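S.K.: Per the numbering used here, the very first residue in the sequence shown carries number 10; after that it's consecutive.
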Amino acid sequence: MRVHLTAASTIVLEDVGFSLEFRPSRDGGGPGTVEVVSYPPGSTTQPDIDPDEHFVEAFGCLGIVELGSKTILLVLVPPIDMLSAGDAGMNVERVEEVLFYCVEDPHLLASADKPDHPCYHLRQVLTDGSFAYSRTVDLTSRLQSRIRVQEQRDAACAPAARTDASAGSSTVPHHYRGTLEYTWNAYLLTPLNIFRASLDPTAKAAFDSRSFMLPVVQGFYGTREVHIGSERVHLSVISRRGWGRAGTRFKKRGIDADGSVGNCAETETILETSTHVVSFVQLRGSVPLYWQEKPRWTGAVKLDIPQPLADVSLAPFLRHMRWAVKTYTHIHAISFLSDNPHDSLAAEAALGDAYATLCALGKSQSKRLREGLVFEKFSIHKAEMLSGGVESMPGEIAKDVDALLDEYGATTATLDGESGKPVLVSGQQGVFRVNCRDCLDRSNLGEFSISAAALDKQLAKLQLPPLEGTELEQAHRDLWSAVSSSPALVPLGPLTHAAASQNGDALSQIYAGSRAMNSSFIRTGRVTHKQELENAETSEARHVQAMLHDDAKNRATEILTGQCRDQQWAPQLVLVEATTTSELSGTHTDSDSGSDLDV
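#1: Between which two residues does the beta strand (DSSP E) containing Gln289 stretch?
#2: Taking just the CA atoms, how far does Lys79 sit from Leu108?
#3: Over what stretch of residues does the beta strand (DSSP E) that includes Pro33 continue unbroken?
#4: Would you kindly work out how many angstroms separate the C-alpha atoms of Arg442 and Arg564, rounded to a whole number?
#5: With Ser248 and Val270 assumed to form a contact (beta carbons below 8 Å), what rounded beta-carbon distance in angstroms separates them?
#6: Asn444 bridges to which residues according to DSSP?
#7: Can you determine whether any heavy atom of the ligand NAD sits closer than 8 Å to the C-beta of Arg155, and answer yes or no?
#8: Can you tell me whether Arg205 is helix, strand or coil according to DSSP?
#9: Could you check if Arg451 is buried or exposed, using at least 16 other CB atoms within 10 Å of its CB as the buried criterion?
#10: In chain order, what are the residue ranges of uninterrupted beta strand (DSSP E) at least 3 long that sit wholly in the segment 358-408?
#11: Measure the CB-CB distance between Asp447 and Asn272 and report whether it falls below 9 Å.
#12: Assuming Leu433 contacts Val242 (C-beta within less than 8 Å), just tell me the rounded distance between them.
#13: Check Glu350 in the structure and name its three-state DSSP category.
#14: Taking Cβ positions, are Val86 and Cys70 nearer each other than 9 Å?
#15: Any idea if Leu236 is buried or exposed, counting beta-carbon neighbours within 10 angstroms, 16 or more meaning buried?
#16: Using DSSP bridges, identify the partner residues of Phe140.
#17: Can you give me the Cβ contacts of Pro224 inside the same chain, cut-off strictly under 6 Å, excluding the 5 residues immediately before and after it?
#18: Below 8 Å on the Cβ atoms is my contact criterion, and I expect Val440 with Val290 to pass it. Report the Cβ-Cβ distance as a whole number of Å.
#19: Counting pairs of Cβ atoms below 8 Å between the segment 194-212 and the segment 456-467, do you hit three or more?
#20: Measuring CA to CA, which of Val492, Ser34 and Thr19 is closest to Glu275?
#21: Can you tell me the Cβ-Cβ gap for Val65 and Leu582, rounded? I've got them flagged as a contact below 8 Å.
#22: If distances are taken between C-alpha atoms only, which option among Gly381, Gln467 and Thr282 comes closest to Leu414?
#23: When you compare only the Cα positions, how much space is there between Gly381 and Met402?
#24: With DSSP run on the structure shown, which of helix, strand or coil describes Asn453?
#25: Mind checking which residues open and close the alpha helix (DSSP H) that includes Tyr337?
#26: Using DSSP with H/G/I as helix, E/B as strand and the rest coil, what is Lys466?
#27: Among residues of its own chain, excluding the 5 on either side of Ala358, which ones have a beta-carbon nearer than 8 Å to its beta-carbon?
#28: I think Asn202 touches Arg144, with their Cβ atoms under 8 Å apart; what is that distance to the nearest whole Å?
#29: Which class does Thr15 belong to by DSSP, given the choice of helix, strand or coil?
#30: Could you name the residues that DSSP lists as bridge partners for Arg103?
#31: What does the Cβ neighbour count give for Glu75, buried or exposed, with the cut at 16 atoms within 10 Å?
#32: Tell me, to the nearest whole angstrom, how far the beta carbon of Glu393 is from that of Val399; I am working on the premise that it is less than 8 Å.
#33: If you run the structure through DSSP and keep just helix, strand and coil, what is Phe109?
#34: From what residue to what residue does the beta strand (DSSP E) around Lys213 run?
#35: Less than 9 Å between the C-beta atoms of Leu367 and Val310, yes or no?
#36: When you compare each of Gly436, Asp352, Val334 and Arg254 to Cys573 by their alpha carbons, which one comes out closest?
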């Protein structure tokens, strides 16, 4: 893709012979109205671009947003290539730089690297290293969803016998937008998606094959190639953060009226062998009720939990859990909160009790929850004291979930020998939804432990050696250490232990502004005095972050996700047709002769 600024002060996105020209509305269409002239391939007219003028190479458009009285077009410029997973087509790239083009004033500095620029804080969020995209695979969706979408497309495009009365009803699925909950620029892409709907079918197909709408995810992605026995395998871990209640630690806790929860993340562990792909998914998220906590330097934890729960929190709780059960079939909610009502974490125990009460109320009112939701308390603090410390926790947690791991299974697919596409064998029948107070440290430890236990079971089914003592076990530790201890999406090739430990904190860094506690243990399997001091330092850093830096970051995140109260409208894109000829002109469709269509 190329970005041009024309002599007429318009902005042109040009991608493989298809151009879109953005300009302010010429008929006073109202605030945020932007005219877009479409020049599909084969157009008899083209935008007035001087071939000798400077242009910017770009990798795609992230969307369009209104800021104050300005309409801003966000363009992703070349990032660094992060890595390739075992799937040769899954190239994940990090968002390194974004340019911001003002439609009303194209000559406004696009780099937004000065504090007085209206997009300065938005750029800081987008380029903090936590955002990534892929041009070859839907990064917003787990393996099970991606396979099902591909199966729908294959079925829609398969030749049907002309004697079949239902043949005419089989159509190609609508433009697939990925998993909305994890598409962080879904709000920015909405005007472009509405604009896309106004295009004719030929232009729409050409639009879809370009990078005019590029979805991004926030979270973590890493992969390792190792040997287990005689088999070479790839292990990948991806965490997708939800944007529904996006924001920083003390600003976005609990639940909102729509049922979105703070620090929600879907984490997928993927194992690929020469013949199979296996995916295991978990979910984390803040306790799904209304509650707040103010930053404090010392003293006992103090939480505000509005009462009565049935009147205040039940409705959004039901929305959240119904979505979770509908999405993942079964939910086993594990709360890692303290259950001691008499120590400095007594407020945590009260929060856990409120959670349990809501689960009981929800199941009494919803058949879906009665059949699909189970709630469990598992106090990691108590378990550590009873079993001899954090080193024993992976084993204790694995024993606790063993039977459910057999019941839920994992998504398993075989690799087609000709196309290399995954063919679904079985789907995961339920997920563990974990939480602690911040969904950071104890949640990291819990998910790591469950992932390791699930991976061990899948290795047995694939007739591969057990996880313990293998290169794969260390790769799993490295990746999960980086999930809980990385500044974001980072290159993870053949890591040394030291390199993994320097990556910082991915999900914790995004939400709390610091690395996670216990990440050193996840990486090494041991606890040292130095690690305990690091945990204390991390706790202090989180309070400094909350006191000094969270406001600007939180506002920029709300602008990105369309939740800022100051945003009065979303830009409206009005199609202005250029004279066109069909990109597929002069040909009859292959379907007339009964041959296959390649969509």
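All C-beta atoms, glycine included, are put in the ideal place defined by N, C-alpha and C.
Treat the numbers as computed from the prediction; the structure is a model and nothing was measured.
M.R.: According to the structure data:
#1: What you label residue 289 is simply residue 280 of the sequence shown in a count that begins at 1. The sequence shown places Phe at residue 289, not Gln. Taken as a continuous stretch (DSSP letters only), the beta strand (DSSP E) holding Phe289 covers His285 to Arg293.
#2: The sequence position of residue 108 within the sequence shown is 99, counting from 1. The sequence position of residue 79 within the sequence shown is 70, counting from 1. The straight-line gap from Cα to Cα measures roughly 15 Å.
#3: Here residue 33 refers to the residue found at position 24 of the sequence shown. For Pro33, the enclosing beta strand (DSSP E) covers residues Phe27 to Pro33.
#4: Locating residue 442 in the sequence shown gives position 433, counting from the first residue. Locating residue 564 in the sequence shown gives position 555, counting from the first residue. When rounded, the distance between both Cα atoms is 28 Å.
#5: Position 239 of the sequence shown holds residue 248. Position 261 of the sequence shown holds residue 270. At roughly 15 Å, the Cβ-Cβ gap does not stay under 8 Å, so Ser248 and Val270 are not in contact.
#6: Locating residue 444 in the sequence shown gives position 435, where the first residue counts as 1. Paired residue(s): Ser344.
#7: Because no ligand of any kind appears in the structure shown, any question about the ligand NAD cannot be addressed here.
#8: Taking the sequence shown and counting its residues from 1, the one referred to as residue 205 is at position 196. Helix at Arg205.
#9: The residue you call residue 451 lines up with position 442 of the sequence shown. Arg451 is classed as buried because its beta carbon has at least 16 other beta carbons within 10 Å across all chains shown.
#10: Within the segment 358-408, the beta strand (DSSP E) runs of at least 3 residues that lie entirely inside it are, in chain order, 382-386.
#11: Taking the sequence shown and counting its residues from 1, one reaches residue 447 at position 438. Taking the sequence shown and counting its residues from 1, one reaches residue 272 at position 263. Yes, Cβ-Cβ distance for Asp447 and Asn272 is below 9 Å.
#12: Locating residue 433 in the sequence shown gives position 424, counting from the first residue. Locating residue 242 in the sequence shown gives position 233, counting from the first residue. Wrong, their Cβ atoms sit about 20 Å apart, outside the cutoff.
#13: One-based indexing of the sequence shown puts residue 350 at position 341. The residue asked about is misnamed: residue 350 is Pro in this sequence, not Glu. Three-state result, Pro350: coil.
#14: By 1-based counting over the sequence shown, the position of residue 86 is 77. By 1-based counting over the sequence shown, the position of residue 70 is 61. The answer is no: Cβ separation not under 9 Å.
#15: In the sequence shown, residue 236 corresponds to position 227, counting from 1. Just to set this straight, residue 236 is His in the shown sequence, not Leu. So His236 ends up on the exposed side.
#16: The residue labelled residue 140 in the question sits at position 131 within the sequence shown. Answer is Gln227, bridged to Phe140.
#17: For the purposes of this step, residue 224 is taken as the residue at position 215 of the sequence shown. Closer than 6 Å at the Cβ level, and outside the excluded window around Pro224, lie Thr149, Gly187 and Thr192.
#18: Position 431 of the sequence shown holds residue 440. Position 281 of the sequence shown holds residue 290. Indeed they touch by this definition, with Cβ atoms about 5 Å apart.
#19: The segment 194-212 is not in contact with the segment 456-467.
#20: On the sequence shown, residue 275 is found 266 positions in, with the first residue counted as 1. Cα-wise, what sits closest to Glu275 is Val492.
#21: Counting from 1 along the sequence shown, the entry for residue 65 is found at position 56. Counting from 1 along the sequence shown, the entry for residue 582 is found at position 573. Here Val65 is actually not in contact with Leu582; their C-beta atoms are around 21 Å apart, not less than 8 Å.
#22: Here residue 414 refers to the residue found at position 405 of the sequence shown. Among Gly381, Gln467 and Thr282, the Cα nearest to that of Leu414 belongs to Gln467.
#23: Position 372 of the sequence shown holds residue 381. Position 393 of the sequence shown holds residue 402. Taking C-alpha positions only, Gly381 is separated from Met402 by approximately 27 Å.
#24: Here residue 453 corresponds to residue number 444 of the sequence shown, with the count starting at 1. Three-state result, Asn453: helix.
#25: For the purposes of this step, residue 337 is taken as the residue at position 328 of the sequence shown. Here the alpha helix (DSSP H) through Tyr337 covers Leu323 to Tyr337.
#26: For the purposes of this step, residue 466 is identified with residue 457 of the sequence shown, where counting begins at 1. Helix at Lys466.
#27: On the sequence shown, residue 358 is found 349 positions in, with the first residue counted as 1. Leu346, Ser347, Asp348, Asn349 and Pro350.
#28: Taking the first residue of the sequence shown as 1, we reach residue 202 at position 193. Taking the first residue of the sequence shown as 1, we reach residue 144 at position 135. Contact between Asn202 and Arg144 does not hold, since the beta-carbon distance rounds to 18 Å and is not under 8 Å.
#29: Position 6 of the sequence shown, counting from 1, holds the residue named residue 15. Thr15 falls in the coil class under three-state DSSP.
#30: As a first step, residue 103 is located in the sequence shown; it is residue number 94 there, counting from the start. Note: Arg103 is bridge-paired with Ala141 in the DSSP secondary-structure output.
#31: As a first step, residue 75 must be located in the sequence shown, where it is residue number 66. Result: buried.
#32: For the purposes of this step, residue 393 is taken as the residue at position 384 of the sequence shown. For the purposes of this step, residue 399 is taken as the residue at position 390 of the sequence shown. Taking C-beta atoms under 8 Å as the contact rule, Glu393 and Val399 qualify, at a distance of about 6 Å.
#33: In the sequence shown, residue 109 corresponds to position 100, counting from 1. DSSP places Phe109 within a strand segment (E or B) once states are collapsed to three.
#34: What you label residue 213 is simply residue 204 of the sequence shown in a count that begins at 1. In the DSSP assignment, Lys213 falls outside any beta strand (DSSP E) and within the unbroken alpha helix (DSSP H) covering Pro210 to Asp217.
#35: Here residue 367 is taken as the residue at index 358 of the sequence shown, counted from 1. Here residue 310 is taken as the residue at index 301 of the sequence shown, counted from 1. The beta carbons of Leu367 and Val310 sit no closer together than 9 Å.
#36: What you label residue 573 is simply residue 564 of the sequence shown in a count that begins at 1. Minimum Cα-Cα distance from Cys573 among the listed residues Gly436, Asp352, Val334 and Arg254 corresponds to Arg254.
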